[in-house]
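Novice: Got a structure for you, questions after.
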Amino acid sequence: MNFTISRNDFYRVLQKVINVIPNKSTVDILYSVLLIAEEDQLKIIATDLEITQIAWASCNVSEQGSIAVPGKLLLDIIREMPENDLTFKIDSNLKIYIESTFGEYKLSGQNKNEFPSVPLVETEHKIELKNTVLKHMIEKTIFACSTDNLRPALTGVFCQIMEDEYRMVATDGHRLVKIITHDFENKEFTENIIIPTKALNFVARNLPAEGSQKILISENHILFELPNTKIYSRLIKDPYPDYERVIPAQNSKQMEINKEQFISSVKRVSLFSNPMTYQVKLSLKPNEINIYAQDIDFGGEANETIACKFDSDPLDIAYNANYLLDILRHLDSEEIKFLVEDEDGPGIIVPFEQEEKEEILMLIMPVRLNS
Amino acid sequence: MTRNSNKARIHVLPENLANKIAAGEVVERPASVVKELVENAIDAEATKIIIAIEQAGKNLIQVVDNGIGMNSEDIQTAFERHATSKIQSERDLEQIETLGFRGEALPSIASVAQVEVKSRHIKDTMGSVFTLHGGKDAKLKKIAANTGTSISVKNLFFNTPARRQFLRSDNSEYQQILTVLKRFFLAYADIHFELWVNGKEVFKLPECDLGERVEKILGSASFKGMLPLNASLGGIELSGFISRPDVVRKSRGHQFLFLNGRPIISKSLHHAVFQGYSNLIGPGEFPIFCLFLEMDPTLADVNVHPTKMEVRFSNDRSLYYFFINSIQKVLSAEGVVPELYAAPSGSAVQKESSAESRPREIIDEMKNRKRSMARFSGAQLSLTYFDTSEKKENPLQDSIRTEKTTIEPPAVAMEQYKTDVQFWQVHNRYILSEIKSGIVLIDQHVAHERILYEKISKIFNDGQKSFGQKLLFPQKINLNYEDFAILKEIIDVLNKMGFSIKTFSGTTVVIDAMPTDVKVGRESQILLDIIDYYKNEPLRDFNHTEKISAAYACKNAIKSGEKLSQVEMHNLVDQLFACESPFFCPHGRPVIITIDMEELDRKFKRIP
Ligand SMILES: Nc1ncnc2c1ncn2[C@@H]1O[C@H](COP(=O)(O)OP(=O)(O)OP(=O)(O)O)[C@@H](O)[C@H]1O
Ligand SMILES: [Mg+2]
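Below, the structure is given as structure tokens:
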């Protein structure tokens, strides 16, 4: 292998994939990236076995070849290199030689065969989504995913590809987000898949602001074809819970409130809540809401009342303030609607007016006083 | 303790009742005579009791009291077997409030000695004197006497030479008498006691308060190292003094336990005290204590052994745990923290060097740190995938981190901790922090266990409210038969803790709410974990509720090996020091150890 590439190109490509490298793994080779020099291109691949990312840049290849190199180490080296061309060579002992305008550096690599192979995504199932839409939907959903590895389905975002809408749903069993875009068309097929949160996070980071992207879905994998990079992810194959069934169709009590006011109030009050449970109590009254928290251990207590629009019977509901704030912060509209039935059931939070071609709904489960 | 026995006349118990009384030898040695006579004086409501002995009681034991006395008829009846004024019926036997109840002592003593009783009943004008020689030759005379009773027991075992032979040296018998007497001296500070030995006054203890009496009996040096204890649990009161763990003895000789004024010996309660000290004391070391347990006499059966010192408690498990807990509370509050440098031989914690690190102060110091509100980091919820340090290097990259997303803890929160107290996590297991006097190390798992356990205790003991986070998708679990049987045992307690578990047909259960502090990610396992723990951990000293609470606390607590953020450590430490006994986990394992600067300096040879 022998190729020459500008330091900046190399650095940019390596940076793209570097975060895929797991922080901790029992498989040592995963700490490495695979460098492939072929046909005037340098490809760099990183994988954690769930997600694989390939990025590339053009370069001058005088001899094709590939080698695995410790990724973070390589990044540290390249970062310090002068902004000129770098030449990479390997010898038969898997030593890599890097030449810069200042001198030569040597480090050890590993055989390319030890590096896991890139998944094959053979499929007819292809969709296209606008970058802005996809990014927006990822942002609105991944925060609500679970980290409970014993319930794998909830650690990903449930995506439903329909004929003229595309949905993403995330829940950890305490709150749920459902977002639908109608800015979508796909007459070929319908499908439900669960994409790992981590993959979506990478996708969002690599999405350019403009344009639209192709997404390929096979039986077990999903492939995002982005400019100068491809992100492969394994799909989560566990069954997703029947979320539609738990979203109440009709919550009779409706409160309308200014979101920012609500957020800052809950935020202030929850400072006084117990830091293990973050519990706050909302008392809905005609045209005002009272927010209350108490930390018995430290004798802290807070009480605020703000105006809202509410004309049903008074109602007290308690929530984990963190869940509530998470939800509120992920809504864009200035005014929101909060719909509840009773102190035991799910609360629904939606923007006062939905954006064009979009439907978003957030749900939060209450904390109930044990009787 | 109220003694209504005095209104009753002495009568011989019917045979069937007499047979219910634990039989056995009453008089083994002089000390047993002393014990029986002093008990009788106390039961007679004496306020002044004078004991005189000669030749370690082998020649003379005399007990003079100013109690209610006996009339001439009663004196004679008193020496009949199973004659007592203290119980009438079987029901009385179940709620004994007097020290005596068998009607055995006087006849037993009289049969092996020469006895003379002078007594005048409080309502009489004349007294009587009654003598018996080996239980025979009864003689009664009227005499002038003070109210009260004086009994002298001469030449013990004069008619059973073999037994007299078996007595130990005078010194040894005398020590036994002292042991017996000290118990009464401690238990009845409101009685004036005098002890005369061979014509010389040895003790003169005017009526005083308990502290003074304890100080007199244990010596002021030991008393300085004693901590007062006061605890109660559902009608049970425990009070008295326990020694700091550095004030220990090499034998049990300084351990006094009383049940409703009766000196008792209870293996399990002595053990509980020992457990309360956990590893603060080494093997072969015994704390000093003087503890008074007051409870409904119907819950304790003293009719177990002829010495009346053994007790069967109907609530012994909760009593055991109540003891441990009460002792730990005192030790923690007083700030006796286990210190790292406890000598390898297991000797007592050295307290003298820790004038600065008195754990009371450590608690205060740690508590006072709660100046910042460690919130909004979303510590519990955040999904963090990216290394923040890389971000700055990475202007080219398009990050989804916008102002509104909280994928990472906001930088502000982190900044705040730089200026505040720092915590370090050691091997993802211990939390290390600096305190005035040195450093403190906290075991993260047991710390959290303690926090959770106290929280639940508050629900069960103080009626604090419990809350359950409702689950959007109720969890359905199919249990095996064994686990299902266990679940049925514990479901009520779990549901009070904040769970909402319902059983369905077969062995299926559905959970639709969990206590609010169940960590995200632990939800799917927690119930099975609790069942497992409940099934497998012995936890002998715990009652039902406590055992379930302990199972929950252990299984929901942060594990050893879990990485914690600054914020999480901060919260954990705050919560820990808000606990009633932060220094011990529910099983009695230490949660916190401190290392003094002095100790560090010594290790680094800065000081010799
Ligand atoms: N010092 C005393 N003053 C007044 N009454 C006494 C005194 N000593 C004994 N008596 C009376 O004599 C009775 C018999 O005493 P004795 O010690 O034999 O039995 P007891 O105290 O009833 O039971 P126990 O065998 O458990 O001690 C007592 O019940 C009490 O009424
Ligand atoms: Mg008696």
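The listed protein sequences derive, respectively, from chains B and E. Numbering follows this note's numbering, with no gaps: position 197 of the first sequence is 197. Each number in this note's numbering comes from the position in the second sequence (counting from 1) with 1000 added on. For each residue, glycine too, the CB sits at the ideal point set by N, CA and C. Note that the coordinates shown come from a computational prediction; the quantities given were computed from them, not determined experimentally.
Would you say B:R368 faces chain D, with C-beta separation under 8 Å as the test?
Specialist: No chain D is present in this structure, whose protein chains are B and E.
Novice: Quick check: the Cα distance between E:V1520 and E:F1223, rounded to an integer number of angstroms?
Specialist: Counting from one through the second sequence, the residue named residue 1520 of chain E turns up at place 520. Counting from one through the second sequence, the residue named residue 1223 of chain E turns up at place 223. Using only the alpha carbons, I get a separation of about 51 Å.
Novice: Let me know the secondary structure DSSP gives B:P116 once reduced to three states.
Specialist: Within the first sequence, residue 116 of chain B is the residue found at index 116, counting from 1. Coil, per DSSP.
Novice: Would you tell me roughly how many angstroms separate the C-alpha atoms of B:K43 and B:E114, rounded to the nearest one?
Specialist: Indexing the first sequence from 1 puts residue 43 of chain B at position 43. Indexing the first sequence from 1 puts residue 114 of chain B at position 114. B:K43 and B:E114: Cα-Cα distance of roughly 17 Å.
Novice: Residues in the same chain with beta-carbon distance under 6 Å from E:R1120, minus the five sequence neighbours each way, listed in chain order, please.
Specialist: Start at 1 with the first residue of the second sequence, and residue 1120 of chain E comes out as number 120. Taken in chain order, the residues that qualify are G1069, G1127, A1145 and T1147.
Novice: How many Å lie between E:A1189 and E:R1262 at the Cα?
Specialist: Locating residue 1189 of chain E in the second sequence gives position 189, where the first residue counts as 1. Locating residue 1262 of chain E in the second sequence gives position 262, where the first residue counts as 1. So the alpha carbons of these two residues sit roughly 13 Å apart.
Novice: Could you tell me whether the Cβ of B:E33 comes closer than 8 Å to any Cβ of chain E?
Specialist: Indexing the first sequence from 1 puts residue 33 of chain B at position 33. In the sequence as presented, Glu is not what sits at residue 33 of chain B; that position holds Val. Closer than 8 Å: no.
Novice: Can you give me the C-alpha to C-alpha distance between B:L339 and E:V1567, rounded to a whole angstrom?
Specialist: Position 339 of the first sequence, counted from the first residue, corresponds to residue 339 of chain B. Position 567 of the second sequence, counted from the first residue, corresponds to residue 1567 of chain E. Approximately 33 Å, taken between the alpha carbons.
Novice: What residue does the beta strand (DSSP E) around E:I1435 start on, and which one ends it?
Specialist: In the second sequence, residue 1435 of chain E corresponds to position 435, counting from 1. It spans Y1430 to I1435 - the beta strand (DSSP E) in which E:I1435 sits, taken as one unbroken run.
Novice: Three-state secondary structure (DSSP) at E:I1265?
Specialist: Taking the second sequence and counting its residues from 1, one reaches residue 1265 of chain E at position 265. Note: E:I1265 maps to coil in three-state DSSP.
Novice: Alpha carbon to alpha carbon, how far is E:A1187 from E:M1414? Give it in angstroms, no decimals.
Specialist: The residue labelled residue 1414 of chain E in the question sits at position 414 within the second sequence. The residue labelled residue 1187 of chain E in the question sits at position 187 within the second sequence. Residue confidence is low: E:M1414 scores 38 on pLDDT, short of 50, so the model does not pin down where it sits. Its coordinate-derived value is still stated next. Roughly 58 Å separates the two Cα atoms.
Novice: So does E:F1193 have its beta carbon nearer than 7 Å to some heavy atom of ligand 1?
Specialist: As a first step, residue 1193 of chain E must be located in the second sequence, where it is residue number 193. Checking every heavy atom of ligand 1 against the Cβ of E:F1193, none is found closer than 7 Å.
Novice: Note down, in chain order, each residue of its chain lying with its Cβ closer than 8 Å to the Cβ of E:T1402, except the 5 sequence neighbours on either side.
Specialist: Taking the first residue of the second sequence as position 1, residue 1402 of chain E is located at position 402. Only weak support exists for where E:T1402 lies, its pLDDT of 34 falling under 50; the coordinates are left without a value.
Novice: Taking the straight line between their C-alpha atoms, what separation do you get for B:S117 and E:S1524?
Specialist: What you label residue 117 of chain B is simply residue 117 of the first sequence in a count that begins at 1. What you label residue 1524 of chain E is simply residue 524 of the second sequence in a count that begins at 1. So the two alpha carbons sit approximately 34 Å from each other.
Novice: Using CA atoms only, rank isn't needed, just tell me which of B:L216, B:P196 and B:Q254 is closest to B:K237.
Specialist: For the purposes of this step, residue 237 of chain B is taken as residue 237 along the first sequence, with counting starting at 1. When only C-alpha atoms are compared, the closest one is B:P196.
Novice: Report the residues of the stretch 1082-1094 of chain E with a CB closer than 9 Å to any CB of chain B, ordered along the chain.
Specialist: Within the stretch 1082-1094 of chain E, no residue qualifies.
Novice: As a quick check of your reading: which residues have a C-beta less than 6 Å from at least one non-hydrogen atom of ligand 2, in chain order?
Specialist: Working through the chain, the matches are E:E1036, E:E1039, E:N1040, E:G1100 and E:A1105.
Novice: Give every residue of the same chain whose Cβ lies closer than 8 Å to the Cβ of B:V269, excluding the five residues on either side of it in the sequence, and list them in chain order.
Specialist: Here residue 269 of chain B refers to the residue found at position 269 of the first sequence. Result list for B:V269: V280, I291, Y292, A293, A302, N303, E304 and A321, in chain order.
Novice: Can the beta-carbon of B:I247 be found less than 8 Å from the beta-carbon of B:I222?
Specialist: Here residue 247 of chain B is taken as the residue at index 247 of the first sequence, counted from 1. Here residue 222 of chain B is taken as the residue at index 222 of the first sequence, counted from 1. Taking 8 Å as the Cβ cut-off, B:I247 and B:I222 do not qualify as a contacting pair.
Novice: When Cβ atoms are compared, which residues of the stretch 269-280 of chain B fall closer than 7 Å to chain E?
Specialist: Per Cβ criterion, the list reads S270, L271, P275, M276, T277 and Q279.
Novice: Between the Cα of E:A1231 and those of E:K1470, E:M1295 and E:V1180, spot the shortest distance and give me the residue it belongs to.
Specialist: Position 231 of the second sequence, counting from 1, holds the residue named residue 1231 of chain E. Nearest option by C-alpha distance: E:M1295.
Novice: Do E:I1068 and ligand 1 come close, with the Cβ less than 7 Å from some heavy atom?
Specialist: To locate residue 1068 of chain E, count along the second sequence from 1; it is residue 68. Yes - ligand 1 has a heavy atom lying nearer than 7 Å to the Cβ of E:I1068.
Novice: List the residues of chain B whose Cβ lies closer than 7 Å to the Cβ of E:T1503, in chain order.
Specialist: As a first step, residue 1503 of chain E is located in the second sequence; it is residue number 503 there, counting from the start. Those do not exist, as E:T1503 stays about 18 Å from chain B at its closest Cβ, beyond 7 Å.
Novice: Is the distance from the Cβ of B:C308 to the Cβ of B:M255 below 8 Å?
Specialist: Here residue 308 of chain B corresponds to residue number 308 of the first sequence, with the count starting at 1. Here residue 255 of chain B corresponds to residue number 255 of the first sequence, with the count starting at 1. Cβ atoms of B:C308 and B:M255: closer than 8 Å.
Novice: Could you check if E:S1152 belongs to the surroundings of ligand 1, using beta carbon to heavy atom distance under 7 Å?
Specialist: By 1-based counting over the second sequence, the position of residue 1152 of chain E is 152. Incorrect: E:S1152 has no Cβ contact closer than 7 Å to ligand 1.
Novice: Examine ligand 1 and report whether any of its heavy atoms sits within less than 7 Å of the Cβ of E:K1020.
Specialist: Within the second sequence, numbered from 1, the residue matching residue 1020 of chain E stands at position 20. E:K1020: no, Cβ never under 7 Å from ligand 1.
Novice: Per DSSP, B:N290 forms a beta bridge with which residues?
Specialist: Counted from its first residue, the first sequence places residue 290 of chain B at position 290. Paired residue(s): B:S283 and B:T305.
Novice: Nearest chain B C-beta to E:R1371 closer than 8 Å, yes or no?
Specialist: Here residue 1371 of chain E is taken as the residue at index 371 of the second sequence, counted from 1. Reliability of the predicted coordinates at E:R1371 is poor, the pLDDT of 49 falling under 50, and the value obtained from them is presented with this limitation in mind. With 8 Å as the cut-off, E:R1371 does not count as an interface residue toward chain B.
Novice: Flag B:V246 as yes if its beta-carbon sits less than 8 Å from any beta-carbon of chain E, otherwise no.
Specialist: Within the first sequence, the letter at position 246 stands for residue 246 of chain B. Yes, B:V246 lies at the interface with chain E (some Cβ there is under 8 Å from its Cβ).
Novice: Taking E:I1109 as the reference, which of E:T1098, E:N1478, E:K1488 and E:T1131 has the closest Cα?
Specialist: Here residue 1109 of chain E corresponds to residue number 109 of the second sequence, with the count starting at 1. Nearest of E:T1098, E:N1478, E:K1488 and E:T1131 to E:I1109, Cα basis: E:T1131.
Novice: Where DSSP assigns a beta bridge to B:D316, which residues make up the other side?
Specialist: Within the first sequence, the letter at position 316 stands for residue 316 of chain B. According to DSSP, which records beta bridges pairwise, B:D316 is partnered with B:S283.
Novice: Distance check for E:E1194 and E:I1051, CA to CA, integer angstroms please.
Specialist: The sequence position of residue 1051 of chain E within the second sequence is 51, counting from 1. The sequence position of residue 1194 of chain E within the second sequence is 194, counting from 1. Using only the alpha carbons, I get a separation of about 6 Å.
Novice: Once DSSP output is grouped into helix, strand and coil, what is the label at B:M137?
Specialist: Here residue 137 of chain B corresponds to residue number 137 of the first sequence, with the count starting at 1. Reduced to three states, the DSSP call for B:M137 is helix.
Novice: What residues from chain B crowd round E:V1520, counting only those whose CB sits closer than 9 Å?
Specialist: Along the second sequence, read from residue 1 onward, the residue named residue 1520 of chain E stands at position 520. The answer, in chain order, is S146, T147, D148, D172, G173 and H174.
Novice: According to the Cβ coordinates, are E:L1013 and E:T1084 closer than 8 Å?
Specialist: By one-based count along the second sequence, residue 1013 of chain E stands at place 13. By one-based count along the second sequence, residue 1084 of chain E stands at place 84. A contact, by the Cβ cut-off of 8 Å.
Novice: Using a Cβ-Cβ cut-off of 6 Å (strictly less than) and excluding sequence neighbours within five positions of E:R1375, which residues of its own chain qualify?
Specialist: Stepping through the second sequence from its first residue, residue 1375 of chain E is reached at position 375. Confidence is the limiting factor: at E:R1375 the pLDDT is only 43, short of 50, which leaves the residue's position unreliable, though a coordinate-based value still follows. If we look at E:R1375 and ignore the five residues flanking it on each side, it has no Cβ neighbours.
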